[in-house]
Every structure is written in C-alpha cells, then in structure tokens.
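These notes concern the structure reproduced below.
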Amino acid sequence: MVDINAGDGPENVDVLVIGAGLSGLYILYCLRQRGLSARAFEAASGVGGTWYWNRYPGARVDVESVQYAYHFSDELLAEWTWSERFATQPELLRYVDYVADRFELRRDVTFDTRVVSAHFDDDANQWTLKTDRGHVATARYCIMATGSLSTPYRPPFPGLEDFEGEWYHTAMWPHDAVDFTGKRVGIVGTGSTGIQAIPVVAEQARHLTVFQRTPNYTSPARNRPLEAGEQAAFLARHEEWRADVRNTFAAMTGFPLPTKFADEDTAEQRRAWLEQRWEEGGMPHSLLTAYKGVPVDEGANRVVADFVRDKIHEIVADPEVAERLCPPVDLPIGAKRPPIDTDYYATFNRDNVRLVDVKAAPIQRMTSTGLQTADAHYELDAIIFATGFDAMTGTLLNIDIRGPGGCALAEAWADGPATYLGLMVAGLANLFMINGPGSPSVKANMIVALEQHTDWIMGLLDHMNADGLDRVEAKGDAQAEWVEHAREVAEATLMPRADSWYVGANIPGKKRVYMPYYGGFDRYSDLCEAIAADGYRGFTLSRHGDGAPRDAASREAPGAEATGRN
Ligand code: N01
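For the sequence shown, position 557 matches number 809 in this note's numbering, and the numbering has no gaps at all.
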C-alpha cells in the first residue's frame, strides 16, 4: 500500500478518484494517458468494486461477457478470453485484477481506505479529501467512482445479536468459502441477488427457507460455455459493434427490437413468439422488448407479465406455491429490475426448499435459533440477507461532501437527488460522478456507460486545459431542466410504479424519486455530445480568479420529448 502522507503535508494531485472498481480503474487509465496525476482511495483491499464485494453463491453478470468488458483497448480485448456466456463473479474479479496489473493501475490506489469527507476550498480552487485512516489529499478535480450499488442495506431486524447461527449479507460475503452442507438455511430477499443465490444454496443446504416479500418476474439466462470462435467472431466485428451499441437503449446488443404491438398477433402467435424469447433466454431486456410498448403500456406489459405467470404455473409443480411465486398483477414487468436466472422457479420443486410469504406475515425478529414472522418461527442454522442496497445515493451521502461556499450534498439532495446529466451537481464545482442519479447507468450495460461518462469528462478536462480554464460547475437552471426532463421520461412509463430501489422505496425515509435516466443510453449519449459541441451548454467554465466565466450562450432545455422507449 502506498503511504501517501509519508512526505511533507498532504499529497496534491491533479485528480482525486474515489473508488477502484471498474469506473475508478478506467478513470486512472485515462488520466495517465493525459499525463495527469491521480490518487484513488478504495475501501476494499483490492480492485473490482461490485465484483470484489458480491461473492455470494451464484453471483454472475447478466450482460453477455463479451459485451460486459472494457472496450477501450484492442490489446486487452484480444488478450482476455471469457469462458461463459455470463461470467461468474470469480472470473470477473480475475478480469478486473488482470486489467489493474496490465495497465499498472494499482500504484495510484490507496486500498483499505474510506473517504470520509470532501471539502472544496474556494480560494485555492481545490478539493481536500480526508480518509478514515488519516490521509489528507488535495486536487483540482474530484471524481466519485463510488458505484451505484455499493452501500449494502440490511433491514434492522431486532434480535440479530441473539442469533446463534451464522448470518451473511450477500454484498459483504466472506472471502473464504462458506459451506452450507447439512445446514438449515434461510434467505431473505428475492431480488436479482436472491434469485441467483437461491438455486445454488438449495443444492448444498440440508434445507432452504426462502422468505419472499414481493414475488419477482425472472426469465432464464440460458448460460452456457462460450463456443470456440464465438468471442473471436465478436471481436472480428468489434468496430461495427461499437457503432451499433452506441445507438442502443441499454448499451448492449443481441436481441431483436420490437417490430409490432402485441395486439397485432393472435393469441397463438403471441404465445409462440414469447416462447421463442423464453427459450433463447439471455439478457433481461429480451422479454421487455418482445413487443412494442411493454415498458409504457399496461396492456402490452400485461401480455408479457401474464406469459411469465403462466410459465411459473407450468414449471412449479405445487399450484399453491406457484401462485405465491406469481408477482401481483399491479406490478408491471420491468418496473423492478428484471433478473435472469438458472432454474429459479424449478428450485421450488425441490423437497428441501420451502417458500414463505413475508408480506402476509412479516418478519418480526431474529431469535437465538432462527427467524420469527408474524405467524411462525423458523429454526435456522444460517441466515442470508439478500436485501439489497441504499442505491445510487447511499455511498455519496455517506461522505461529507461540501462544495464552494459550504454547499453540502446532503442539503442539496434533501428532496432527492438532483444532477445535471448524472455527471455534476449544481453548487459542487469540479466534482464529477460516474453513473450518478440522472444517468442511464443502471438501466444500461454499466461498462459501456462508464466508458461513455469517463470519456465525456476527459473531453471536458482536455477542453478546459486547452483554454486555460480550471473551474467547471453545473448551472442550477440546466440541472432543474434535466431533473424535470428525466422525471417526465420516467413518468411516461410504468417503471416508477414499483416500490423498488430505483425509486428509493427500499430504504425507510428515502425520498421517492425515480433515480436512473430512462430516456435511453443512445439518446443520453447524443445529448452529452450535443451539449459538449455547444460549448458545454449548461455548465459554467471559468478560470479561477479572473472572474470571467465562459459558458455557452444557449440555455436550451437539454432533453428531447419523453417517449419511454425500450
Ligand atoms: O436487491 P433488491 P438485490 N423483509 O433491492 C427484500 C443488481 N444486481 O441485491 O421486493 C423481507 O433488488 C426485497 O423485498 P421487496 C441489480 O441491479 C445485478 O437483489 O422490497 N424482505 C427484495 O426481494 C439489482 O436490481 C446482478 O418486497 C425484504 C430483496 O430484499 C440490484 O443489484 C445480480 C425486506 C432486495 O432486492 C439489487 O439487487 C444481483 C424485509 N424487511 C444484483 N427488505 C447481475 O448483474 C428487503 N427485502 C446479475
């Protein structure tokens, strides 16, 4: 580990980076390419972010591996070979480790260190970061590469301290193998994480009890080993893919876009077409794009949702269990993040698996021997909390961030997160965020999205450097317009209707705001480019101390009309 305070006073660099996950590493790479000095702080002992922490059984990516990879280096693309259609967490972590070594990025990272505050000194025009280990570092710019799902959430069930068995949160999984052989295991949560873990834990445990509050729609991943030549074929047309992916809603290719509305097909045709999508499996968008209007139109959505409900009844032998697994009809498919799975519904046919509805009878407390709901006690040797994250804002708000004049992020976001393009917050000069609230991020292939964000920020830094500028700030009116545009786009769809982490509903007291930008990666990228071409419209660029901001004349609304496409 580098001791950055070994010399005299705080370390000063050009850019401070918080986080050494996939975003942080790419930022470090880009900064070094430009000859800019950087220091990253990372709470973990290694690189990888999400793939460092989420080591739970069954963890794997659900964007095809060849697409869920860095695309900035042809050499890197050629050197790495993926083994499966959807890579496992260990393979992904090996990949991130390889990238960090390949580009010698670790030397700019201070590990095992959490940033506790980031304050901007107006006179010095620089950020000062302090860490939980006493480091102090300063820089002109600060980039929050803190991840969208990096603050785990565990409901504060009383009595956990009395539980005599083992308990785990999926996002803080031990590094040593956990063996559930012969044990009675309980798992709380049936989001994307629970749905991946449940079939794997069920195979090992003596008995598994699944505590489900809201049933989820899921469809088969159809994971498989990559065939010889498959990755080579992808790489052979990589340039073309890059152009294609730039024009997709979710920053990924590989599923046909809808050509018709569901009511243009007969019932038999609909069934056959949805069966085909189900059999092909793969990325979550596959079912959501089976017909036009699924994300926006109740009727179209119901067609696909009913198909999944039928599938559940077809797969699950006990009709009562099947019914309990069926999401309620007022929950649109896609409004909670759609997972993909391997044998999830079929797992409930196993003799050693029991499904408990904790909406009907909520969890009350943990006891010394298990878990108590409103109507029963369950004896358990181990409990797994797959209860998610304080998403998108949690990690940022855990840091005391204060911009020029003491503007605190916590106050600026008291009514929910507000950003300009998900990249900057008005009042916080020279501070960027990657995949922040208001960006497509979590509705897209995260790596393609983070490369787009980082490239855009680097373009801005280049531009400022060339013009002798050293201060950038989002304008309040541009931010307000972006927030309103993002709200309109989301409200035009069914997506905000679910009580999901997208709207902060999983965290008690969190303001209900649909946090991702649901206008599409393609439209978002076009807007970012247009804004840059227009002299960084909506941002104030200036040279510190000369009092002459240089910003674009135009103050047009940044967005196009909402359509809620998918
Ligand atoms: O978290 P979640 P997650 N009593 O918030 C339940 C990404 N990801 O870790 O739905 C009982 O989705 C809660 O119930 P309910 C992906 O973006 C990606 O699963 O609120 N239950 C829900 O079932 C994903 O969306 C990948 O009623 C309680 C669950 O806990 C995001 O991470 C894989 C409860 C939480 O689900 C988060 O997924 C995994 C309580 N008091 C994750 N409190 C891939 O790329 C909460 N729950 C493959």
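A virtual CB, placed ideally from N, CA and C, is assigned to each residue, including glycine.
Only a predicted model underlies this, so the values are computations on that prediction, with no experimental measurement involved.
Between the CA atoms of Pro451 and Ser806 - distance to the nearest angstrom: Translated into positions along the sequence shown, residue 806 becomes position 554. Translated into positions along the sequence shown, residue 451 becomes position 199. Residue placement at Ser806 cannot be trusted, given a pLDDT of 35 that sits under 50; what the coordinates show is reported in the next sentence. Each residue's alpha carbon lies about 55 Å from the other.
Exposure of His822, with buried meaning 16 or more beta-carbon neighbours within 10 Å: The first residue shown for the chain is 253 and the last is 818, placing residue 822 beyond what the model contains.
Chain-order list of residues whose beta-carbon lies under 8 Å from that of Gly720 (same chain, five-residue window excluded): Within the sequence shown, residue 720 is the residue found at index 468, counting from 1. Here the set comprises Arg795.
Integer-rounded CB distance, given that Ile585 should sit under 8 Å from Val556: The residue you call residue 556 lines up with position 304 of the sequence shown. The residue you call residue 585 lines up with position 333 of the sequence shown. Contact flag correct, Cβ pair sits at about 5 Å.
Tyr597 in three-state terms, based on DSSP: Within the sequence shown, numbered from 1, the residue matching residue 597 stands at position 345. Reduced to three states, the DSSP call for Tyr597 is helix.
Nearest residue (CA-CA) to Val368, options Leu357, Ala744, Arg385, Ala376: The residue labelled residue 368 in the question sits at position 116 within the sequence shown. When only C-alpha atoms are compared, the closest one is Arg385.
Bridge partners - Thr461, DSSP secondary structure assignment: Your numbering for residue 461 matches position 209 in the sequence shown. Thr461 pairs with Gly438, Arg606.
Coil, strand or helix - Asn499 by DSSP: Position 247 of the sequence shown holds residue 499. It is coil, neither helix nor strand.
9 Å Cβ cutoff met for Tyr347 and Trp425: Against the sequence shown, residue 347 aligns to sequence position 95. Against the sequence shown, residue 425 aligns to sequence position 173. No, Cβ-Cβ distance for Tyr347 and Trp425 is not below 9 Å.
Spatial distance of Thr380 from Gln456 (CA atoms): Within the sequence shown, the letter at position 128 stands for residue 380. Within the sequence shown, the letter at position 204 stands for residue 456. Looking at the two C-alpha atoms, the distance is approximately 49 Å.
Length of the line joining the Cα atoms of Val677 and Thr340: Reading the sequence shown from its first residue, position 425 is the one you call residue 677. Reading the sequence shown from its first residue, position 88 is the one you call residue 340. So the two alpha carbons sit approximately 35 Å from each other.
Closest residue to Lys512 among Leu680, Arg522, Met504 (Cα-Cα distance): Locating residue 512 in the sequence shown gives position 260, where the first residue counts as 1. Closest option to Lys512, Cα to Cα, is Arg522.
Distance between Ala784 and Asp778 (C-alpha atoms, nearest Å): Residue numbering aside, residue 778 sits at position 526 when the sequence shown is read from its first letter. Residue numbering aside, residue 784 sits at position 532 when the sequence shown is read from its first letter. Roughly 10 Å between the two C-alpha positions.
Proximity test, Arg576 beta-carbon vs the ligand N01 heavy atom, cut-off 8 Å: Locating residue 576 in the sequence shown gives position 324, counting from the first residue. No, the ligand N01 has no heavy atom inside 8 Å of this Cβ.
Closest Cα partner of Asp360 within the set Trp334, Thr333, Ser335, Ala389: Here residue 360 is taken as the residue at index 108 of the sequence shown, counted from 1. The shortest C-alpha separation from Asp360 is found at Ala389.
Backbone CA spacing between Met767 and Gly756 [nearest angstrom]: Within the sequence shown, the letter at position 515 stands for residue 767. Within the sequence shown, the letter at position 504 stands for residue 756. Taking the straight line joining both Cα atoms gives about 8 Å.
Leu478 and Ser335 closer than 9 Å at C-beta: The residue you call residue 478 lines up with position 226 of the sequence shown. The residue you call residue 335 lines up with position 83 of the sequence shown. Cβ distance < 9 Å, so Leu478 and Ser335 count as in contact.
Exposure of Lys563, with buried meaning 16 or more beta-carbon neighbours within 10 Å: Here residue 563 corresponds to residue number 311 of the sequence shown, with the count starting at 1. Per the 10 Å Cβ criterion, buried.
Validate contact between the stretch 410-421 and the stretch 289-300 using beta carbons, cut 8 Å, 3 pairs: At 8 Å Cβ cutoff, the stretches do not touch.
Closest residue to Asn682 among Glu531, Leu344, Arg392, Tyr754 (Cα-Cα distance): Translated into positions along the sequence shown, residue 682 becomes position 430. The option with the nearest alpha carbon to Asn682 is Arg392.
Straight-line gap, Thr541 to Asn553 (C-alpha atoms, nearest Å): In the sequence shown, residue 541 corresponds to position 289, counting from 1. In the sequence shown, residue 553 corresponds to position 301, counting from 1. The straight-line gap from Cα to Cα measures roughly 10 Å.
Closest residue to Leu577 among Gly545, Val610, Leu526 (Cα-Cα distance): Numbered from its first residue, the sequence shown carries residue 577 at position 325. When only C-alpha atoms are compared, the closest one is Val610.
Residue environment, Ser444, which counts as buried when at least 16 other CB atoms sit within 10 Å: Residue numbering aside, residue 444 sits at position 192 when the sequence shown is read from its first letter. By the neighbour-count rule (16 or more Cβ atoms within 10 Å), Ser444 is buried.
beta-carbon Asp314 near the ligand N01 non-hydrogen atom, thresh 8 Å: Taking the sequence shown and counting its residues from 1, one reaches residue 314 at position 62. Checking the Cβ of Asp314 against the ligand N01 gives yes.
Extent of the continuous alpha helix (DSSP H) to which Cys282 belongs: Reading the sequence shown from its first residue, position 30 is the one you call residue 282. Start and end: 274-285.
Cα-Cα separation between Gly551 and Leu583, rounded to whole angstroms: Locating residue 551 in the sequence shown gives position 299, where the first residue counts as 1. Locating residue 583 in the sequence shown gives position 331, where the first residue counts as 1. Answer to the nearest angstrom: the Cα atoms are 13 Å apart.
Short Cβ contact (9 Å threshold) for Thr500 with Gly771: For this step, residue 500 is matched to residue 248 along the sequence shown. For this step, residue 771 is matched to residue 519 along the sequence shown. No; because the gap between Cβ atoms is not below 9 Å, this pair is not in contact.
Neighbourhood of Phe621 by C-beta, 6 Å cutoff - its chain only, sequence neighbours within 5 removed: One-based indexing of the sequence shown puts residue 621 at position 369. The question names Phe, but residue 621 is Thr in the sequence shown. Counting only Cβ-Cβ distances below 6 Å, and skipping sequence neighbours, we find Glu631.
Among Pro689, Ala638, Tyr672, nearest to Ala730 - alpha-carbon criterion: Looking up residue 730 in the sequence shown gives position 478. Considering only alpha carbons, the answer is Tyr672.
Contact the stretch 686-702 vs the stretch 319-326: 3+ CB pairs below 8 Å: yes
Outcome for Leu509 when other beta-carbon atoms lying within 10 angstroms are tallied against a minimum of 16: By one-based count along the sequence shown, residue 509 stands at place 257. So Leu509 ends up on the exposed side.
Among Gly658, Leu649, Pro656, Gly657, nearest to Ala670 - alpha-carbon criterion: Numbered from its first residue, the sequence shown carries residue 670 at position 418. Ranking Gly658, Leu649, Pro656, Gly657 by Cα distance to Ala670 puts Leu649 first.
Asp496 burial status per 10 Å Cβ neighbour count (16 or more: buried): Translated into the one-based positions of the sequence shown, residue 496 becomes position 244. Classification for Asp496: exposed.
Three-way DSSP call (helix, strand, coil) for Arg291 in this model: Residue 291 sits at position 39 when you count from the first residue of the sequence shown. Note: Arg291 maps to strand in three-state DSSP.
Through-space distance from Ile395 to Val267, alpha-carbon basis: By one-based count along the sequence shown, residue 267 stands at place 15. By one-based count along the sequence shown, residue 395 stands at place 143. The straight-line gap from Cα to Cα measures roughly 7 Å.
Within 9 Å, strictly: CB atoms of Ile635 and Trp419: By 1-based counting over the sequence shown, the position of residue 635 is 383. By 1-based counting over the sequence shown, the position of residue 419 is 167. Cβ atoms of Ile635 and Trp419: closer than 9 Å.
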